[in-house]
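These protein sequences, in sequence, are chains V and E. Going from the first sequence to my numbering is simple: count from 1 and add 2. Going from the second sequence to my numbering is simple: count from 1 and add 1. Note that beta-carbon positions come from the ideal geometry of N, C-alpha and C, so glycine has one too. These numbers come from a predicted model, not from an experiment. Structure first, then comments.
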Amino acid sequence: MSTDRGIDALDEPTRAAFFQYLLRLGDDRLVLGHRTSEWCGHAPILEEDIALANIALDLIGQANMLLELAGEVEAKGRSEDALAYFRDGIDFRNALMLELPRGDFAFTIVRQFLFSVFAFFQLEALQRSAHPELAGIAAKALKETRYHVRHAGEWVIKLGDGTDESRRRAQTALDDLWRYAGELFLGDAVDDAVAAAGLGPALASIEPQWRAQVADVIQRATLTLPKDGYVQRGGRTGRHTEHLGHMLSEMQIVARSHPGAQW
Amino acid sequence: MRAPTAPVPSGERRREAVLDVLRGVLDPEVPALSVVDLGIVRDVELDAIGTPTVVVTPTYSGCPAVKVIEEAIVAALELHGFAGAHVRTVYAPAWTTDWMSAEGREKLRRYGIAPPTPRAADSELVPLLRREPRVECPFCGSTKTTTRSEFGSTACKALMYCDACRQPFELFKAI
Numbered sequence: 003m004s005t006d007r008g009i010d011a012l013d014e015p016t017r018a019a020f021f022q023y024l025l026r027l028g029d030d031r032l033v034l035g036h037r038t039s040e041w042c043g044h045a046p047i048l049e050e051d052i053a054l055a056n057i058a059l060d061l062i063g064q065a066n067m068l069l070e071l072a073g074e075v076e077a078k079g080r081s082e083d084a085l086a087y088f089r090d091g092i093d094f095r096n097a098l099m100l101e102l103p104r105g106d107f108a109f110t111i112v113r114q115f116l117f118s119v120f121a122f123f124q125l126e127a128l129q130r131s132a133h134p135e136l137a138g139i140a141a142k143a144l145k146e147t148r149y150h151v152r153h154a155g156e157w158v159i160k161l162g163d164g165t166d167e168s169r170r171r172a173q174t175a176l177d178d179l180w181r182y183a184g185e186l187f188l189g190d191a192v193d194d195a196v197a198a199a200g201l202g203p204a205l206a207s208i209e210p211q212w213r214a215q216v217a218d219v220i221q222r223a224t225l226t227l228p229k230d231g232y233v234q235r236g237g238r239t240g241r242h243t244e245h246l247g248h249m250l251s252e253m254q255i256v257a258r259s260h261p262g263a264q265w
Numbered sequence: 002m003r004a005p006t007a008p009v010p011s012g013e014r015r016r017e018a019v020l021d022v023l024r025g026v027l028d029p030e031v032p033a034l035s036v037v038d039l040g041i042v043r044d045v046e047l048d049a050i051g052t053p054t055v056v057v058t059p060t061y062s063g064c065p066a067v068k069v070i071e072e073a074i075v076a077a078l079e080l081h082g083f084a085g086a087h088v089r090t091v092y093a094p095a096w097t098t099d100w101m102s103a104e105g106r107e108k109l110r111r112y113g114i115a116p117p118t119p120r121a122a123d124s125e126l127v128p129l130l131r132r133e134p135r136v137e138c139p140f141c142g143s144t145k146t147t148t149r150s151e152f153g154s155t156a157c158k159a160l161m162y163c164d165a166c167r168q169p170f171e172l173f174k175a176i
């Protein structure tokens, strides 16, 4: 697909910000996709094993498209594979929430829910991006994400409004994740530059939609929405938890051991 | 696959000849359907000397069959006298099951996969009581069917169960 008209029109600072922005979009999906794929062969029931593997595949497919575009915008000859497998943790731009170990099934589901709702409204707005290729990717990914939101949302309701055990685990997961979720909406100069150029939405426009949808499902799940407080931050600028390095060592080892391998 | 065709004149008839070859290229994951039935072939472009570029769009972002399909398209065209053909992937407009041909839907049903239902305009993201789409069992034709999981053996299919003939089956899900 030709991307020339979209990228060439950007001035240098905007192009640099757009590259960072695309890394954030791509890394969110790559890292969560890898974490989700860890359930393959371990989910509580066969249907869930299949569902989580499918969702992981969607996320990694989306990351593939977004990182490919990031490489084109950067224009230094880095492919999507180079960006995925040959960057160190400090160069990853995913939100911290997504790199945390997969935890129990409740933790995985609640995280999937909080992120998928964010992704849904983000992609919905990105369909109107001034960059035609990003708008096209968003329209494609949005269709998949609708299924992800429904899957995770229905599970949050089942777990929250289920047994004492499932309810306790779902509430614990929600409480633990809440201080990370706020990072999704902490904008910085990258977000401002991208929004000003019409390439992506302002985060402030997504947050109310996210809060309303999350609160609605949490209430139907008879769970308690945690109070806002301290927000753990750092992922968007490369300051990660210790967990990302371990995850990357596993994810990247084959590509790094055999650079340029073909099969 | 068809027998190699005789060289055809350029222009519209050549495009039609390319499409004819593509009608013999099957989806490796749903081999009942050709890439044309599936609706993933969006266009055929011919350059000045008539070398075709086939424009395709993937069904799902992470569909692992994409690469295999690209190679199969190039190989089939080569075999039918279209040397040096290319495949170009586009993401917009996003693929929808609405592009699946009527013939494709019928082929799916005969293969044992329920064809996609018309896309539901569900306004609610997480409906409390999901309205089950009316899906006919491809084996007995009953509509007493339930969704077991919206995720099946491939990204494009859901797991269903027929309460009438007690047979699990797959549904090509609408997107």
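Which residues, in chain order, does the stretch 137 to 157 of chain E contribute to contact with chain V at a C-beta distance below 9 Å?
R149, S150, E151, F152, G153, S154, T155 and A156
Using a Cβ cut-off of 9 Å (strictly closer), state whether G63/E contacts chain V.
Position 62 of the second sequence, counting from 1, holds the residue named residue 63/E. Chain V contact via Cβ: present.
Do T54/E and W96/E have their beta-carbon atoms positioned less than 9 Å apart in this structure?
Residue mapping note: residue 96/E aligns to position 95 of the second sequence, counting from 1. Residue mapping note: residue 54/E aligns to position 53 of the second sequence, counting from 1. Not in contact: W96/E and T54/E (Cβ atoms no closer than 9 Å).
Report the rounded CA-to-CA distance for G155/V versus L80/E, giving the unit in angstroms.
Stepping through the first sequence from its first residue, residue 155/V is reached at position 153. Stepping through the second sequence from its first residue, residue 80/E is reached at position 79. Roughly 49 Å separates the two Cα atoms.
Since P119/E meets chain V, which of its residues come closer than 9 Å, beta carbon to beta carbon?
Locating residue 119/E in the second sequence gives position 118, where the first residue counts as 1. By Cβ distance, chain V contributes nothing, its closest Cβ being about 15 Å from P119/E, past 9 Å.
Three-state secondary structure (DSSP) of D6/V
Along the first sequence, read from residue 1 onward, the residue named residue 6/V stands at position 4. Confidence at D6/V is low in this model, with a pLDDT of 45, below 50, so its placement is unreliable and the value that follows should be read with caution. Of the three classes helix, strand and coil, the one that applies to D6/V here is helix, per DSSP.
Could you name the residues that DSSP lists as bridge partners for S39/V?
Sequence index remark: in the first sequence, residue 39/V carries index 37 (1-based). Partner(s): none; S39/V has no beta bridge.
Please say whether L128/V and L116/V have beta carbons closer to each other than 9 Å?
As a working mapping, residue 116/V is identified with position 114 in the first sequence. As a working mapping, residue 128/V is identified with position 126 in the first sequence. Going by C-beta atoms, L116/V is not nearer than 9 Å to L128/V.
Helix, strand or coil: which one does DSSP assign to S150/E?
Your numbering for residue 150/E matches position 149 in the second sequence. If DSSP states are grouped into helix, strand and coil, S150/E belongs with the strands.
Going by the CB atoms, is the gap between F140/E and A55/V shorter than 9 Å?
Taking the first sequence and counting its residues from 1, the one referred to as residue 55/V is at position 53. Taking the second sequence and counting its residues from 1, the one referred to as residue 140/E is at position 139. Cβ atoms of A55/V and F140/E: not closer than 9 Å.
In angstroms with no decimal places, state the Cα-to-Cα distance between L12/V and F94/V.
Start at 1 with the first residue of the first sequence, and residue 12/V comes out as number 10. Start at 1 with the first residue of the first sequence, and residue 94/V comes out as number 92. Straight-line Cα distance between these residues: approximately 24 Å.
Taking contact to mean at least 3 C-beta pairs separated by less than 8 Å, is the stretch 102 to 111 of chain V in contact with the stretch 35 to 46 of chain V?
yes
When DSSP labels each residue in this structure, what does T16/V get in the three-state scheme?
In the first sequence, the residue the question calls residue 16/V occupies position 14. Three-state DSSP puts T16/V in a helix.
Quick one: any contact between the stretch 194 to 212 of chain V and the stretch 235 to 250 of chain V, if contact means 3 or more CB pairs under 8 Å?
no
Could you check the C-alpha separation between A18/E and A115/E for me, to the nearest Å?
Along the second sequence, one-based indexing puts residue 18/E at 17. Along the second sequence, one-based indexing puts residue 115/E at 114. Those two C-alpha atoms are separated by around 31 Å.
Examine chain V for any beta-carbon lying closer than 9 Å to the beta-carbon of T97/E, and answer yes or no.
Against the second sequence, residue 97/E aligns to sequence position 96. Judged by the 9 Å Cβ criterion, T97/E is in contact with chain V.
When burial is assigned at 16 or more other CB atoms within 10 Å of the CB, is Y232/V buried or exposed?
For the purposes of this step, residue 232/V is taken as residue 230 along the first sequence, with counting starting at 1. Per the 10 Å Cβ criterion, exposed.
Can you grab the Cα-Cα spacing for the pair S207/V / R238/V, in whole Å?
Within the first sequence, the letter at position 205 stands for residue 207/V. Within the first sequence, the letter at position 236 stands for residue 238/V. Cα to Cα, the separation comes out at about 19 Å.
Length-filtered (3 minimum) beta strand (DSSP E) runs lying within the stretch 2 to 83 of chain E
42 to 47 and 53 to 57
Compare the C-alpha of A19/V against each of V75/V, H248/V and R171/V and name the closest.
Counting from 1 along the first sequence, the entry for residue 19/V is found at position 17. It is V75/V.
Once you ignore the five residues that flank L246/V on each side, which residues in its own chain have a CB closer than 6 Å to its CB?
As a working mapping, residue 246/V is identified with position 244 in the first sequence. Counting only Cβ-Cβ distances below 6 Å, and skipping sequence neighbours, we find G91 and E101.
Which full runs of the alpha helix (DSSP H) of 4+ residues lie inside the stretch 108 to 165 of chain V, going along the chain?
134 to 162
Which same chain residues, not among the five before or five after E30/E, have their C-beta less than 6 Å away from its C-beta?
As a working mapping, residue 30/E is identified with position 29 in the second sequence. A66 and T155.
Determine, using beta-carbon pairs with one atom in the stretch 29 to 48 of chain E and one in the stretch 99 to 108 of chain E, whether at least three such pairs fall under 8 Å.
yes
Hey, how far is the Cα of F173/E from the Cα of G113/E?
Taking the first residue of the second sequence as 1, we reach residue 173/E at position 172. Taking the first residue of the second sequence as 1, we reach residue 113/E at position 112. C-alpha separation (whole angstroms): 11 Å.
Within 8 Å: the Cβ of F21/V and any heavy atom of the ligand SAH?
As far as ligands go, the structure on display features none, and thus does not contain the ligand SAH.
Answer yes if the stretch 162 to 174 of chain V comes into contact with the stretch 116 to 126 of chain V, meaning at least three C-beta pairs across the two stretches below 8 Å, and no otherwise.
no
Compare the C-beta of V151/V against all C-beta atoms of chain A and say whether one is closer than 9 Å.
Note that chain A does not occur in the displayed structure, where the protein chains are V and E.
Report the rounded CA-to-CA distance for C64/E versus Y182/V, giving the unit in angstroms.
To locate residue 64/E, count along the second sequence from 1; it is residue 63. To locate residue 182/V, count along the first sequence from 1; it is residue 180. Distance between the alpha carbons of C64/E and Y182/V: 31 Å.
What residue range does the alpha helix (DSSP H) around P210/V cover?
For the purposes of this step, residue 210/V is taken as the residue at position 208 of the first sequence. Run containing P210/V: L205 to R222, per the alpha helix (DSSP H) assignment.
For T226/V, collect the residues of the same chain with a Cβ closer than 7 Å to its Cβ; drop the 5 residues on either side in sequence, then sort them by chain order.
Taking the first residue of the first sequence as position 1, residue 226/V is located at position 224. Result list for T226/V: Q173, in chain order.
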